Amino acid sequence: MDITVTSPPTTVIPSFSNNKWGLTVIDDEIFISQYQIGKYPIEVYDANTFVLKRSFTVPNVVSNNYGSLGTDGVDLYVGDNNNKIIKVNKSNGAVINTGSLSINLGQTASFCIDLERDIIFYTMYTLDTNNIVFLRYSDGKILKLYSFPVIGSGAGSAIYKGSNGTAYAIFSKYMGSNDFYIADISNGVDNLIFKELYTSNISKGGIFVYKENLFFVDYLYKKLSKISLSSLYNNNFLLQSNNKTYSLKSTDIWYETKMTSDNAPAPLVASAISTYSSSFPVWKAFDGIAVTSDSSGWLSSNATKTGWIQLKFGSTKTVNRVMLTCRNVAGANEYMPKSFILEGSNDGTKYDTIGNFKDIPQWILNESRIFTTDKKNNYSIYRINVTENYGANNISFGEIKFGYASSILYKIPILNKENFINYGESEVNILPFPILNKNYLLQDKISKNDEGLWTSKLDRKPLSIGFN
0 MDITVTSPPT
10 TVIPSFSNNK
20 WGLTVIDDEI
30 FISQYQIGKY
40 PIEVYDANTF
50 VLKRSFTVPN
60 VVSNNYGSLG
70 TDGVDLYVGD
80 NNNKIIKVNK
90 SNGAVINTGS
100 LSINLGQTAS
110 FCIDLERDII
120 FYTMYTLDTN
130 NIVFLRYSDG
140 KILKLYSFPV
150 IGSGAGSAIY
160 KGSNGTAYAI
170 FSKYMGSNDF
180 YIADISNGVD
190 NLIFKELYTS
200 NISKGGIFVY
210 KENLFFVDYL
220 YKKLSKISLS
230 SLYNNNFLLQ
240 SNNKTYSLKS
250 TDIWYETKMT
260 SDNAPAPLVA
270 SAISTYSSSF
280 PVWKAFDGIA
290 VTSDSSGWLS
300 SNATKTGWIQ
310 LKFGSTKTVN
320 RVMLTCRNVA
330 GANEYMPKSF
340 ILEGSNDGTK
350 YDTIGNFKDI
360 PQWILNESRI
370 FTTDKKNNYS
380 IYRINVTENY
390 GANNISFGEI
400 KFGYASSILY
410 KIPILNKENF
420 INYGESEVNI
430 LPFPILNKNY
440 LLQDKISKND
450 EGLWTSKLDR
460 KPLSIGFN
């Protein structure tokens, strides 16, 4: 989905008396912090008039260096230098309680708590990897770590919730190129795809979303600005055939592994029936690096014309396809499978057959092929079991990737602006398999605002989509 914002920002508070960093919004009030909140006051502005209403410090709290602010949509939270988040009275800053979670906010500008999904997320002010953090709010367990799509340190985090249950996590970068990124978290935080929302030549701190606008503090020039999120939907479209309107939702995931040893990064574990030598370890088939040379990939020991190679993810992954790549060296196509079985397991003992692929045409050097199954599968271990190769004394793969792709067709009962916003797409991935799921949206046609959207899954699939 192309969600780039093109409209320029509008300045709403042209000048603060000093640098600002932390930022959040609760109801119709904006909370802005400067460094240590026990020493410097948090200022509170009206979110519509941008007039200063009050200010307060948080007594008896030594904040983390940059005065991190956060909210669950109801209460105000601050970060302290003991890696705790503290709930404070949003009227006067009095401490209500200190949370039990140990969270290294570092120099985070703003963090976001989503009680509905039981998550807390934020970005870290560091150029290191894994600077986008998702935790389970109820116990602090790390759910997922990500890095910005391009190198740069984090600053702010915010959540944007649509009227139909969709939710987006938005992140700002401070160091490096100054960009905003967005990811759809409606269905959880696994396998998120981050897309650039907006880029600018400003130094960003905290961010928040209020009334279809993304607000951000310009740390260097001491001002508050906003950009409209309405352009997220400017180019949306729906499908129509025989006076019926549809939305096609596509999922296209490849699980990135980027392994550096047979058990790194954790919790990944790669193993195989055998290995020819230390120059061809198993993990090289899962390192995510393009096949360029003889030593790119895995090679079994001699006299191994059949056998297996597998990847243990550490948690269940939904998979219905695998991509296999041939090594790029003379004769490597003879090591590739003519037939293989794709297997799945959750205990490493019992393996279920997911797909059985036979009489595969001869391979070309450095060629990648995708093999798909007719259903989605949920296992923590996936194995390629080669039952026949093309005559070589070994079996070998340059690269292996597991993934999941699907399309769901939604029938839209009412063609209006609200449904364009909630269900319109700006691009459709044409996938090499039929649409297996067709859902109907049930709406109250009398409702003026078309609220109360529900879906009911039908046990049938469309044979085709025609366009008149």
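Everything in the sequence shown is counted per numbering that gives the first Met the number 0, starting at 0 for the first residue and increasing by one. Idealized CB from N, CA, C, for every residue including glycine. Just so we're clear, the structure is a prediction, and the values are computed from it rather than from any experiment.
Which same chain residues end up closer than 7 angstroms to residue i when comparing Cβ atoms and leaving out the 5 residues on each side of it in sequence?
{"i": "Thr48", "result": "none"}
{"i": "Asn130", "result": "Thr122, Met123, Ser146, Phe147, Ser152, Gly153"}
{"i": "Ser137", "result": "Asp117"}
{"i": "Glu42", "result": "Ile31, Leu51, Ser54"}
{"i": "Ile359", "result": "Pro336, Lys337, Ser338"}
{"i": "Leu142", "result": "Ile118, Phe133, Leu134, Arg135, Val188"}
What are the residues that DSSP puts in a beta bridge with residue i?
{"i": "Glu387", "result": "Ser338"}
{"i": "Met322", "result": "Ile369, Lys400"}
{"i": "Trp253", "result": "Gly402"}
{"i": "Lys375", "result": "Partner(s): none; Lys375 has no beta bridge."}
{"i": "Tyr121", "result": "Val132"}
{"i": "Trp307", "result": "Asn384"}
{"i": "Ser314", "result": "The partner list for Ser314 (beta bridge, DSSP) is empty, contrary to what the question assumes."}
{"i": "Arg53", "result": "Val43"}
{"i": "Lys194", "result": "Ile181"}
{"i": "Lys19", "result": "Per DSSP, none; premise fails for Lys19."}
{"i": "Glu28", "result": "Ile25, Asp45"}
{"i": "Phe207", "result": "Phe214"}
{"i": "Gly354", "result": "Leu341"}
Measuring CB to CB, does residue i end up less than 9 angstroms from residue j?
{"i": "Leu408", "j": "Thr372", "result": "no"}
{"i": "Trp297", "j": "Ser171", "result": "no"}
{"i": "Val268", "j": "Lys222", "result": "no"}
{"i": "Ser406", "j": "Thr274", "result": "no"}
{"i": "Ile226", "j": "Asn241", "result": "no"}
{"i": "Ala289", "j": "Glu398", "result": "yes"}
{"i": "Ser491", "j": "Pro8", "result": "No answer is possible for residue 491: the residues shown for the chain start at 0 and end at 467."}
Taking all protein chains shown into account, do 16 or more other C-beta atoms lie within 10 angstroms of the C-beta of residue i, making it buried, or fewer, making it exposed?
{"i": "Lys316", "result": "buried"}
{"i": "Lys89", "result": "buried"}
{"i": "Ile12", "result": "buried"}
{"i": "Gly347", "result": "exposed"}
{"i": "Ser67", "result": "buried"}
{"i": "Gly476", "result": "The structure shown does not extend to residue 476, since the chain is modelled only from 0 to 467, so the question has no answer here."}
{"i": "Asp217", "result": "buried"}
{"i": "Thr324", "result": "buried"}
{"i": "Thr10", "result": "exposed"}
{"i": "Ala271", "result": "buried"}
{"i": "Ser14", "result": "exposed"}
{"i": "Gln33", "result": "buried"}
{"i": "Asn345", "result": "exposed"}
{"i": "Asn301", "result": "exposed"}
Select from the options the residue whose C-alpha is nearest the C-alpha of residue i.
{"i": "Tyr209", "options": "Asn242, Trp253, Met123, Ile158", "result": "Ile158"}
{"i": "Ile380", "options": "Gly390, Gly402, Ile31, Leu51", "result": "Gly402"}
{"i": "Gly69", "options": "Asp26, Lys160, Leu22, Glu28", "result": "Leu22"}
{"i": "Ser16", "options": "Thr9, Val24, Tyr39", "result": "Tyr39"}
{"i": "Ile369", "options": "Tyr334, Ile226, Ile252", "result": "Ile252"}
{"i": "Asp26", "options": "Thr10, Ser32, Tyr44, Asn18", "result": "Tyr44"}
{"i": "Phe179", "options": "Ile141, Ile118, Thr303, Gly155", "result": "Gly155"}
{"i": "Thr107", "options": "Gly354, Leu100, Ile206", "result": "Ile206"}
{"i": "Ser277", "options": "Thr291, Ala289, Gly287, Ser295", "result": "Ser295"}
{"i": "Phe133", "options": "Ile184, Asp217, Asn212", "result": "Ile184"}
{"i": "Ala391", "options": "Lys257, Thr324, Thr303", "result": "Thr303"}
{"i": "Lys400", "options": "Thr56, Thr348, Glu255, Val281", "result": "Glu255"}
{"i": "Phe285", "options": "Asn262, Ser300, Ser292", "result": "Asn262"}
{"i": "Ser292", "options": "Met258, Gly330, Val321, Met322", "result": "Gly330"}
{"i": "Lys19", "options": "Ser109, Thr305, Ile359", "result": "Ser109"}
{"i": "Ile169", "options": "Asn388, Leu142, Ile112", "result": "Ile112"}
{"i": "Ile119", "options": "Gly72, Leu196, Asn96, Lys225", "result": "Gly72"}
{"i": "Asn332", "options": "Gln33, Asn388, Arg135", "result": "Asn388"}
{"i": "Gly343", "options": "Gln35, Val321, Ile363", "result": "Val321"}
{"i": "Leu114", "options": "Lys160, Gln35, Lys143", "result": "Lys160"}
{"i": "Lys257", "options": "Trp282, Ala404, Tyr173", "result": "Trp282"}
{"i": "Tyr197", "options": "Gly204, Tyr167, Asp189, Leu228", "result": "Leu228"}
{"i": "Ser101", "options": "Lys140, Ser300, Gly287", "result": "Lys140"}
{"i": "Asp74", "options": "Ala166, Pro8, Asn96", "result": "Asn96"}
{"i": "Tyr334", "options": "Lys374, Thr56, Gly204, Gly306", "result": "Gly306"}
Looking only at its chain, what residues have a beta carbon closer than 6 angstroms to the beta carbon of residue i, apart from the 5 residues adjacent to it on each side?
{"i": "Asn377", "result": "Thr315, Thr317"}
{"i": "Ile383", "result": "Ile308, Phe339"}
{"i": "Ile29", "result": "Tyr44, Ala46"}
{"i": "Leu191", "result": "Ala182"}
{"i": "Tyr76", "result": "Gly69, Ile84, Lys86"}
In chain order, what residues of the same chain have a beta carbon less than 8 angstroms from the beta carbon of residue i, not counting five sequence neighbours either side?
{"i": "Pro58", "result": "Gly37, Gly92, Ala93, Val94"}
{"i": "Ala265", "result": "Gly313"}
{"i": "Gly187", "result": "Arg116"}
{"i": "Ile429", "result": "Below a pLDDT of 50, predicted positions are generally treated as unreliable, and Ile429, at 46, falls in that range; the measurement from the model is reported next regardless. Same-chain partners within the cutoff: there are none."}
{"i": "Ser260", "result": "Pro280, Trp282"}
{"i": "Leu364", "result": "Cys325, Arg326, Asn327, Val328, Ala329, Ala331, Asn332"}
Would you say residue i faces chain D, with C-beta separation under 9 angstroms as the test?
{"i": "Lys194", "result": "Protein chains in the displayed structure number just one, and chain D is not present."}
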